[in-house]
Amino acid sequence: MRLKIIGSAAGGGFPQWNCNYRLSRAARTGMAGVHSRTQSSIAASVDGAGWVLFNASPDIRQQIAQTPELQPAHDAPLRSTPIRAVVLTNADVDHVAGLLSLRERQPFAIYATTQVLATLEANSIFNVLDPALVPRRTLPPAEELAICDADGHDTGVTVESFPVPGKIALYLEERSQPDANFSSESGDTVGVRITGAGSRSSVFYIPGCARIDATLRTRLADAACLLFDGTVYTDNEMIAAGVGQKTGARMGHLAMSGDTGSIAGLADVRIGRRVFVHINNTNPVLDENSGEHAAVKAAGWEVARDGMEMEF
Numbered sequence: 001m002r003l004k005i006i007g008s009a010a011g012g013g014f015p016q017w018n019c020n021y022r023l024s025r026a027a028r029t030g031m032a033g034v035h036s037r038t039q040s041s042i043a044a045s046v047d048g049a050g051w052v053l054f055n056a057s058p059d060i061r062q063q064i065a066q067t068p069e070l071q072p073a074h075d076a077p078l079r080s081t082p083i084r085a086v087v088l089t090n091a092d093v094d095h096v097a098g099l100l101s102l103r104e105r106q107p108f109a110i111y112a113t114t115q116v117l118a119t120l121e122a123n124s125i126f127n128v129l130d131p132a133l134v135p136r137r138t139l140p141p142a143e144e145l146a147i148c149d150a151d152g153h154d155t156g157v158t159v160e161s162f163p164v165p166g167k168i169a170l171y172l173e174e175r176s177q178p179d180a181n182f183s184s185e186s187g188d189t190v191g192v193r194i195t196g197a198g199s200r201s202s203v204f205y206i207p208g209c210a211r212i213d214a215t216l217r218t219r220l221a222d223a224a225c226l227l228f229d230g231t232v233y234t235d236n237e238m239i240a241a242g243v244g245q246k247t248g249a250r251m252g253h254l255a256m257s258g259d260t261g262s263i264a265g266l267a268d269v270r271i272g273r274r275v276f277v278h279i280n281n282t283n284p285v286l287d288e289n290s291g292e293h294a295a296v297k298a299a300g301w302e303v304a305r306d307g308m309e310m311e312f
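Mapping of the sequence shown onto the UniProt record's numbering: position 44 corresponds to residue 44, and the numbering continues sequentially without gaps.
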């Protein structure tokens with residue numbers, strides 16, 4: 001199974017369009033060791049011909065333009081795509097807005113939890129994807145599911161989804177109650193275990209996670225690779241940077257560092273390769289010359305970049 005990280009940043013990308021924080025400025029000026037990134041998404045394939053996307057970011061057009069494997073083959077029909085299905089891990093804007101760019105009456109399948117499918121159903125703009133051509137299918141919790149294309153042909157990619165601590169999408173929060181608890185552990189946010197036909201290796205993709213508990217630690221044991229939520233390095237970094245008023249925890253994301261952070265929480269779990277994805281524009285690890293980036297590497301983690309490719 002081949003896996004490509006086609007987007008490694010959190011919502012807004014890096015640099016974010018209206019962000020003038022020092023890291024975004026460094027990316028715009030081409031500072032060495034600071035690389036631009038598009039919003040969170042990966043793609044998997046067992047044959048290199050048909051691909052399954054995991055999340056459809058608002059940057060999907062750019063991501064396809066930068067990824068030849070996701071473009072129509074030179075001898076393909078006039079309207080065609082190698083994208084066979086899209087698996088959604090939550091209903092966040094940075095994970096579903098790209099679906100709107102995949103209109104043009106092109107068949108593919110959408111897979112998501114009951115909660116996420118209900119969110120799509122409640123917003124009529126997603127009807128630009130005709131259900132007769134783009135079927136919406138439910139991801140059952142804690143059950144392996146063969147991902148198929150719109151016509152029901154097996155892609156060779158198998159997914160097991162499982163709920164992780166997170167929160168509902170920002171646009172679903174009740175604005176009149178800004179201090180309310182919008183956390184969720186019942187399927188609004190999920191992680192996925194991805195396997196390919198003929199492969200014994202498991203890859204876990206968890207771009208959003210608010211807490212590591214014993215159940216998750218047990219699930220991840222012996223994984224060949226973990227692509228994990230790297231939104232913030234410290235819980236209060238957006239506040240310290242002066243660009244926001246929310247902590248990572250309030251946004252449903254666990255910090256990398258600290259006694260309760262992901263590095264410490266997974267330090268003694270047997271995992272082959274550890275990669276941080278979904279990285280916010282305030283996270284200092286985006287600067288490869290920073291002490292934080294060095295600390296992450298010393299702890300055995302990698303910081304994802306757009307275009308990274310792996311094979312299992």
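Think of the CB as a built atom: it goes at the ideal place given N, C-alpha and C, for glycine as much as any other residue.
All values reported here derive from a predicted model rather than from experimental measurement.
- prompt: For Q62, does the three-state DSSP call read helix, strand or coil?
  reply: helix
Could you tell me which uninterrupted alpha helix (DSSP H) segments, each at least 4 residues in length, are contained entirely in the segment 269-310, listed from first to last along the chain? 291-298
Margin query: Run through the DSSP bridge pairs and tell me what P163 is partnered with.
Written below: V190
Where does S201 sit, in a helix, a strand or coil, going by DSSP? For S201, the three-state secondary structure derived from DSSP is coil.
*Kindly identify the DSSP beta-bridge partner or partners of Y111.*
V87 and R137
(Q) Please state the DSSP three-state secondary structure of G12. (A) coil
Can you give me the start and stop residues for the beta strand (DSSP E) that residue 335 sits inside? Summary: the structure shown does not reach residue 335, with the chain confined to residues 1 through 312, and so no result is reported for it.
**Study point:** Separation of T234 from H253, as counted between CA atoms
**Key:** 10 Å
Give me whichever residues DSSP pairs with R37 in a beta bridge. F14
Next on the checklist: So for I206, helix, strand or coil by DSSP?
Outcome noted: strand
| Would a C-beta distance cut-off of 9 Å place R61 and G33 closer than the cut-off? | no
*asked:* Helix, strand or coil for S45? Go by DSSP, reduced to three states.
replied: Residue state, collapsed to three classes: strand.
CB contact flag (V46, S199, <9 Å) = yes
Discussion item. For chain C, check one thing: does any of its Cβ atoms lie closer than 9 Å to the Cβ of F162?
Written reply: Reference to chain C is not applicable here, since this structure consists of a single protein chain.
In terms of residue numbering, what span does the alpha helix (DSSP H) encompassing S103 cover?
Note that residue 103 corresponds to Arg in the displayed sequence, not to Ser. It is not in any alpha helix (DSSP H) - R103 carries neither H nor E in the DSSP assignment.
Kindly indicate which three-state DSSP category E143 falls into: helix, strand or coil? coil
query = Within this structure, are the beta carbons of A109 and P82 separated by less than 9 Å?
reply = no
Problem - Beta-carbon proximity check, N283 vs E237, cutoff 9 Å - result: In this structure, E237 lies closer than 9 Å to N283 by Cβ.
- If you follow the alpha helix (DSSP H) that L220 is part of, which residue opens it and which one closes it? A214 to L220
Next on the checklist: With the cut-off set at 9 Å, would you say V145 and T158 are in Cβ contact?
Outcome noted: The sequence given here has Leu at residue 145, not Val. Yes.
Whether or not the segment 217-230 and the segment 113-122 are in contact is what I'm after, with contact meaning three or more pairs of Cβ atoms, one per stretch, closer than 8 Å; do they touch? no
Going by other Cβ atoms of all chains shown within 10 Å of its Cβ, with 16 needed for buried, is H95 buried or exposed?
buried
| said: Our contact map puts V128 next to R103 with C-beta atoms below 8 Å; I'd like the distance itself, whole angstroms only. | reply: 4 Å
As assigned by DSSP and simplified to three states, the class of F126 = helix
- Item | Contacting residues, own chain, Cβ-Cβ under 7 Å from R28 (five flanking each side not counted) | P15
Note to self: Only counting the same chain, and skipping five residues up and downstream in sequence, which positions put a Cβ closer than 6 Å to that of A5?
What the structure shows: Note that residue 5 is Ile in the sequence shown, not Ala. The residues are I42, A304 and M308.
Margin query: Check this for me: beta carbons of S262 and D306, under 9 Å apart or not?
Written below: By the CB criterion at 9 Å, S262 and D306 fall outside the cutoff.
Check F182 in the structure and name its three-state DSSP category.
Its pLDDT being 48, under 50, F182 is placed unreliably by the model, and the measurement read from it follows with that caveat. Looking at F182 - three-state DSSP - the assignment turns out to be coil, as it is neither helix nor strand.
Point to revise | Of the listed residues A142, H153, C148 and D151, nearest to F162 (C-alpha basis) | key: Of A142, H153, C148 and D151, the residue nearest in Cα terms is A142.
Original post:
How is the alpha helix (DSSP H) around G265 delimited, first residue to last?
Top reply: S262 to G265
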